[in-house]
Each structure stands twice: as structure tokens, then as C-alpha cells.
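Below is one structure, written out as C-alpha cells, with a few remarks after it.
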Amino acid sequence: MNKAVRKAIIAGNWKMNKTPNEAKELLTQITPLVKDADCDVIACVPYVDLQTALDATQGTNVKIGAENCHWEKSGAFTGEISAEMLKAMGIEYVIIGHSERRQYFGETDVTVNKRVRAALDAGLTVILCVGELLSEREQGITAETVSLQTKVALQGVSAEELSKIVIAYEPVWAIGTGLTATADQAEEVCAIIRNVLADLYCEKCAQAVTIQYGGSMNDANAAELLSKENVDGGLIGGASLVAEKFAAIVKAASV
Ligand code: PEP
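Numbering (this note's numbering), first residue to last: 1 to 255.
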């Protein structure tokens with residue numbers, strides 16, 4: 001099995017951008033531009049935009065995801081949203097472990113694992129983010145960092161459940177900075193992640209998992225990054241907020 005048979009996925013991460021009206025407008029621009037995509041197309045949007053996004057993409061090939069979820073099903077967790085709530089409203093995907101959650105909201109590998117487990121139990125597909133800090137890359141511990149993040153996040157996840165896991169390799173130094181990993185750097189770390197999956201599960205299981213690159217991917221650099229054997233798609237921040245740029249990345253993944 002190789003890249004040719006893995007599902008390419010281009011997912012937008014809108015972060016804390018777009019009101020419901022703005023979300024409707026952006027998705028109305030995006031949907032016709034990506035209708036012939038030969039890859040999966042997802043928009044992960046703020047909680048308050050989810051229903052609008054579902055309505056705006058109904059009958060199209062654009063799927064909707066959330067940007068986080070809590071690990072408990074319900075209870076006294078003011079301000080939180082559960083995986084069950086997302087599933088109940090028709091959401092299919094959820095980003096978990098984004099570096100901004102880790103950096104600003106106290107997310108750890110252990111809480112990432114709890115959220116992954118909850119999302120799988122609710123029937124969601126997880127876009128699991130891993131990636132090293134610049135200081136970790138400079139210390140030469142990128143492989144260890146990313147391997148550990150992947151292993152802890154997937155604790156208690158079975159081989160069968162891997163079909164509901166997408167991994168996004170996102171070097172933290174490349175997110176929102178305009179600094180992109182070179183295609184070779186992205187390939188090297190995505191291959192390391194795939195080897196971790198092979199060790200944890202089996203070679204065939206690892207070959208079937210979609211591994212995205214994320215970090216300042218845009219319409220100009222997407223084709224080169226996506227040409228690499230182990231880079232199966234992209235998680236796109238800034239460029240996902242501009243319909244033409246996002247559509248160009250989808251096109252690059254569709255060849
Ligand atoms: C992201 O938010 O996951 C991301 C990759 O952002 P950007 O594309 O803006 O670097």
C-alpha cells in the first residue's frame with residue numbers, strides 16, 4: 001500500500017475567525033471552487049459557526065469539523081463542548097491537540113489522549129495534531145518529541161479505530177509564521193510518524209493512515225509538499241480563510 005491508495009485530505013482550520021454570517025459567505029465562495037476535488041475537503045470552524053457551516057455545505061463535498069472537544073460526555077464543565085454534542089449536530093471531524101491549544105490552554109499529551117478517546121467513542125474522526133517546537137528541532141529531538149506525542153495520544157486506540165484517525169504533523173515554528181518546513185523536512189517527520197504507527201500497530205495499518213502536513217501551507221508551496229510520499233494532505237490555517245487560496249491547495253492535492 002502506498003500514498004496512491006491513501007485518502008488525501010485538505011482541511012481548513014479557521015481558528016477564532018469568522019462570525020456565522022462571514023462563515024456562510026466564505027463557504028459559499030469555497031464550495032463551487034472545490035466541487036470537483038479528488039480529495040476530501042474539510043472546514044474546521046469555531047463552535048458558533050458549526051450549524052451555519054453544516055447548512056451552507058449541505059449537498060456539497062465539503063465536510064465540517066470542530067476545532068476541539070472536551071473528554072467528558074456532559075457535566076459541570078462551564079464553557080466546554082462534548083464530542084457527543086458535536087456528533088449529535090452532524091459534525092464528522094474534530095481537531096485535537098492543536099499547538100495553540102497546547103500553548104495557550106494547558107493541553108498536554110495526556111489530555112489530548114482523553115479527548116481523542118472521547119471523540120472516537122462519539123463516532124467522530126480525529127485530526128490529531130503533533131509537532132515540535134523550534135527549540136526541540138534545534139536540540140535535535142524532533143523525532144523523539146513527535147513520536148512521544150503520537151504514542152501518548154493513541155494510548156487505548158485500537159488498530160480498527162485507526163481508520164478514524166488522521167494525523168497532522170505541524171511543526172510549531174511553521175504555524176502562522178510564514179516559515180514552511182521544506183518538503184524534505186515534512187516528508188522526514190511524516191515518515192517517522194508512520195514508523196511509530198507501524199511499531200504500535202502494524203505496517204499495513206500504518207500505510208493506511210492519512211498524515212497531513214500543516215504550517216504555512218499555501219497555494220504556492222502546496223504542490224511540492226504534497227508530492228512527497230508520506231505527506232497525504234494538509235491542515236491549513238491562514239490560507240483556508242481565502243477561498244481561492246484554499247481551493248488552489250485542494251487542486252494541488254487532487255492531481
Ligand atoms: C494551523 O492552524 O493548523 C496552521 C497550519 O496554520 P497556518 O497554515 O496559518 O500556519
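Think of the CB as a built atom: it goes at the ideal place given N, C-alpha and C, for glycine as much as any other residue.
Proximity below 8 Å, CB of residue i to CB of residue j
| i | j | result |
| --- | --- | --- |
| A181 | A191 | no |
| I193 | V146 | yes |
| Y169 | V196 | no |
| V116 | V166 | no |
| W14 | C39 | no |
| L124 | E92 | yes |
| G12 | F246 | yes |
| A243 | I9 | no |
| L50 | A66 | yes |
| K164 | L200 | no |
Reference residue i; option with closest CA among the options
| i | options | result |
| --- | --- | --- |
| N68 | K114, L33, Q58 | K114 |
| K87 | L120, A11, L27 | L120 |
| V250 | A186, N230, K228, M217 | M217 |
| A56 | T177, I81, G79, K24 | K24 |
| L162 | F246, C205, E107 | C205 |
| A263 | S240, G234, H98 | One cannot answer for residue 263 here, as it falls past the ends of the chain, which runs 1 to 255. |
Residue i Cβ short of 7 Å to the ligand PEP heavy atom set
| i | result |
| --- | --- |
| L235 | yes |
| H98 | yes |
| S135 | no |
| N13 | yes |
| I175 | yes |
| G215 | yes |
| G106 | no |
| G238 | yes |
| E170 | yes |
Simplified DSSP state of residue i, which is helix, strand or coil
| i | result |
| --- | --- |
| Y104 | helix |
| L133 | coil |
| C190 | helix |
| S99 | helix |
| I9 | strand |
| T145 | helix |
| Q51 | helix |
| V116 | helix |
| Q58 | coil |
| K24 | helix |
| C44 | strand |
| I249 | helix |
| S240 | helix |
| A268 | No answer is possible for residue 268: it lies beyond the span of the chain, which begins at 1 and ends at 255. |
| K228 | coil |
| A66 | strand |
| V196 | helix |
| S82 | strand |
| Q212 | strand |
| L162 | helix |
| V110 | helix |
| I91 | coil |
Residue i, buried or exposed, once every other Cβ within 10 Å from all chains shown has been counted against 16
| i | result |
| --- | --- |
| V94 | buried |
| V5 | exposed |
| G238 | buried |
| D232 | buried |
| D36 | exposed |
| N21 | exposed |
| A220 | exposed |
| E132 | buried |
| D184 | exposed |
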